[in-house]
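A short worksheet on the structure shown next.
Number of protein chains: 2
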Amino acid sequence: MARKRVTLAQVASEAEVAVSTASLVLSGRGTEVRISEKVQERVRATAARLGYRPNAVSVGLRKGSTSTLAFVSDSVASSRLAGEMIKGAIEAARDRGYMVFVGETGGNLTLERQLLDAMVDRQVDGIVLASMLTHGRELPTGLDSTPTVLLNIAVDGDPGMPVVLPDELQAGRDAASALVDAGLTDIHLIGSGPRPEDVRTISAAAHLRLQGILEVLDAHGLTPSSGHAINQWLPPEGFRAANEILDAGTPQAIVCFNDRLAMGVYQAVQARGLRIPEDVSVVSFDDASIAAWLRPGLTTVALPHRIMGKRAAELLIDSIEHDRAHPDGPAATGVHLVPMPVRVRESIRAHD
Amino acid sequence: MARKRVTLAQVASEAEVAVSTASLVLSGRGTEVRISEKVQERVRATAARLGYRPNAVSVGLRKGSTSTLAFVSDSVASSRLAGEMIKGAIEAARDRGYMVFVGETGGNLTLERQLLDAMVDRQVDGIVLASMLTHGRELPTGLDSTPTVLLNIAVDGDPGMPVVLPDELQAGRDAASALVDAGLTDIHLIGSGPRPEDVRTISAAAHLRLQGILEVLDAHGLTPSSGHAINQWLPPEGFRAANEILDAGTPQAIVCFNDRLAMGVYQAVQARGLRIPEDVSVVSFDDASIAAWLRPGLTTVALPHRIMGKRAAELLIDSIEHDRAHPDGPAATGVHLVPMPVRVRESIRAHD
DNA sequence: ACACGGTGCTAAAACGAACTAGCAAGCGTC
DNA sequence: GACGCTTGCTAGTTCGTTTTAGCACCGTGT
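If you're matching them up, the sequences are chains A and B in order. Just so you know, the first sequence maps onto residues 17 to 368 in the numbering used here. Just so you know, the second sequence maps onto residues 17 to 368 in the numbering used here.
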């Protein structure tokens, strides 16, 4: 509990000027209001000598803006993903001089309300509302009084604010293309049924991935050899589904709806003494860290969580600063799709 | 940009009382200063009707405390771990009415300084300084003016503040015991050399784990059959080290210094057609999610990151509130070891 | 008739900075 | 020597709340 913070008043008294003079000088308006260079220098020197730093709380009260963002996510346990989004957002915010309050609701709407209120009470300049499920949901009320960006949340209709989403449709196309371009035609799906209506999960991602896959297959006159709808995309499920497929004969290729399912597939394939990619090719989605660790490396379409978080924070800050400049202009809006890059590793074998 | 926030002044004027009266009533001191029950009720009713919420920035300015914590970590990329610590801290904070600013430095000390300053400028009530490396480091200056808790940071000497660490020594003992109790005596190490001086990593965790392991082996008249020091604890390294061991004959048991190394070991063992745990037993540390996904499930000593984060935030808030009550009392301090529970799965086979 | 003690509320001073309006001194002009 | 213009700085208000000191009224006792 050492020395207290030094205030502007102390700097002013030490430099023998009025508080207002010190304020003007330190906020860069000195020349504009004709403070002599000599006095300006003196003020700056004493401020530096005393280690003066403006009290952000006071500035926040006076100016009504705090250079602070809120990041609220529903972060289901599963998510290392969430962590990456947060990091991306924090980095982008930091680069533009903003700090961020982070909150997790665990999907609890009451908690979400409380968190949002607590953050608005603290006068955050903007809010990133993130979800790990993409799936459409009701938006909390009151978001219209603070600039907001939706991150990984798909809503029906125009939410009237920017939305950042991964380009799952193109990702589906890319995954299928990786297989088809390698000459593979016997393609099985794990994570979703073979037809659009078979997805059986609330995840919007699943629908779009499937749609992209089917589009490409269709363009080549193909259909999935089988499809395995699954609720929990975890290794044991992948293992089980892969065994079903293998029981019916060795497939040319399997597309897994995420890397954890692919891990289960690897286990099932390798337990039978079959080899990836020589006997069966595998492609997947997410680019979780296991994708690089599996042997052979898993080719997968990456979910760029960090970039999404970064993008959301940047859009939010743009929107805040735009509002400040044009208070009556229209609010920012629009869907921002972040590309999902294919990470090519060794799990696909060219077939002639 | 809907309606503005309603202020205390508006509530007061609407309820036809003075601002100070309204303040007193709403902060629960109404009865204490003898505001009539009738007036109190009127104030509360109008506050509720107008949806009044106190402006936390103003309160922060006036009271000098903001019900806000800072969480600053160096979070190397690797870390899902970091995410769990943050979540634990955020949850604990939220339960006690605090919000948290999260910052990441990536190990950059300049950035750390900036972040800390920015947070102190915002009048945070306390700071959790976290690291992903445990390893001793210089502490930034100026931490003595704000209550601080060190999370997963081991320092030499008394830092004069609480420190939260996982009990790695006991974890080492537990890992070794799991093997020894199963009657296994041919025990190989991956992640560290066989002797205390062979650790070859900056991680304090490695030293303590090794020490715990050696203690137990020694108590049973055993020594490690081999030890493989490794800098990067990743699957490919585990794979390589396991192959070295396997080339020299089939080992009874391997203790891996983390789950990723163990994943590499699984791959090497299974590639030779050997079986876990029938042919070789494996035990590990961390309880990362792959530990549960590997087949067979990996027995591992969990690093309870979430609990550590929670603990740190709780200690910090205790310390803040204690300081507030006894401004001249001694600062909180001490090392708080969080137990690392053993997650028993199927990777150890009893041997007779 | 007058001090005395309660009762019930309020005025005003913080907190730390930003910012508007404007004052005083110096100088030139006619 | 009165007027205006510039230059260089400052007093004072504001943001929204908390908190202390104290005012005004009323009834009671002497």
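Glycine included, C-beta positions come from ideal geometry on N, C-alpha and C.
Residue i - partner residues in DSSP beta bridges
i: residue 297/B; result: 269/B
i: residue 178/B; result: 350/B
i: residue 316/B; result: 300/B and 359/B
i: residue 146/B; result: 89/B and 167/B
Proximity test, Cβ basis, 8 Å: residue i and chain B
i: residue 118/A; result: yes
i: residue 111/A; result: no
i: residue 212/A; result: no
i: residue 124/A; result: no
i: residue 134/A; result: yes
i: residue 157/A; result: no
i: residue 331/A; result: no
i: residue 364/A; result: no
Separation of residue j from residue i, as counted between CA atoms
i: residue 198/B; j: residue 296/B; result: 12 Å
i: residue 363/B; j: residue 282/B; result: 10 Å
i: residue 74/A; j: residue 30/B; result: 27 Å
i: residue 88/A; j: residue 325/A; result: 12 Å
i: residue 195/B; j: residue 288/A; result: 30 Å
i: residue 70/B; j: residue 298/B; result: 57 Å
i: residue 290/B; j: residue 262/B; result: 10 Å
i: residue 269/A; j: residue 275/B; result: 29 Å
i: residue 331/A; j: residue 177/A; result: 10 Å
i: residue 358/B; j: residue 300/B; result: 10 Å
i: residue 81/B; j: residue 164/B; result: 15 Å
i: residue 154/B; j: residue 160/B; result: 14 Å
i: residue 182/A; j: residue 116/A; result: 23 Å
i: residue 138/B; j: residue 86/B; result: 10 Å
i: residue 346/B; j: residue 244/B; result: 46 Å
i: residue 205/A; j: residue 308/B; result: 24 Å
i: residue 251/B; j: residue 227/B; result: 23 Å
i: residue 41/A; j: residue 66/A; result: 16 Å
Residue interval of the beta strand (DSSP E) (run including residue i)
i: residue 89/A; result: 84-89
i: residue 169/B; result: 164-169
i: residue 242/A; result: 242-245
i: residue 292/A; result: No beta strand (DSSP E) holds residue 292/A; DSSP gives it neither H nor E.
i: residue 205/A; result: 203-207
i: residue 120/A; result: 115-120
Cβ-based burial, residue i [other Cβ within 10 Å; buried from 16]
i: residue 247/B; result: exposed
i: residue 125/A; result: exposed
i: residue 193/A; result: buried
i: residue 366/A; result: exposed
i: residue 45/A; result: exposed
i: residue 120/B; result: buried
i: residue 79/A; result: exposed
i: residue 351/B; result: exposed
i: residue 208/A; result: buried
i: residue 103/B; result: buried
i: residue 360/A; result: exposed
Any C-beta of chain A under 8 Å from that of residue i
i: residue 324/B; result: no
i: residue 291/B; result: no
i: residue 138/B; result: yes
i: residue 248/B; result: no
i: residue 353/B; result: no
i: residue 283/B; result: yes
i: residue 147/B; result: no
i: residue 23/B; result: no
i: residue 69/B; result: yes
i: residue 17/B; result: Bear in mind that a pLDDT of 41 at residue 17/B, under 50, signals an unreliable position, so the number given afterwards is only what the model happens to contain. True, the Cβ-Cβ gap to chain A drops below 8 Å.
i: residue 185/B; result: no
i: residue 316/B; result: no
i: residue 279/B; result: yes
i: residue 369/B; result: Past the edges of chain B, shown from 17 to 368, lies residue 369/B, and the structure says nothing about it.
Boundaries of the alpha helix (DSSP H) in which residue i is found, first to last residue
i: residue 76/A; result: 72-79
i: residue 139/A; result: That residue, residue 139/A, is in no alpha helix (DSSP H); it is neither H nor E in DSSP.
i: residue 309/B; result: 305-309
i: residue 252/A; result: 251-263
i: residue 187/A; result: 184-197
i: residue 332/A; result: 321-341
Near the ligand NAP: residue i beta-carbon under 7 Å from a heavy atom
i: residue 115/A; result: By its list of ligands, the structure shown contains no ligand whatsoever, and the ligand NAP lies outside what it can speak to.
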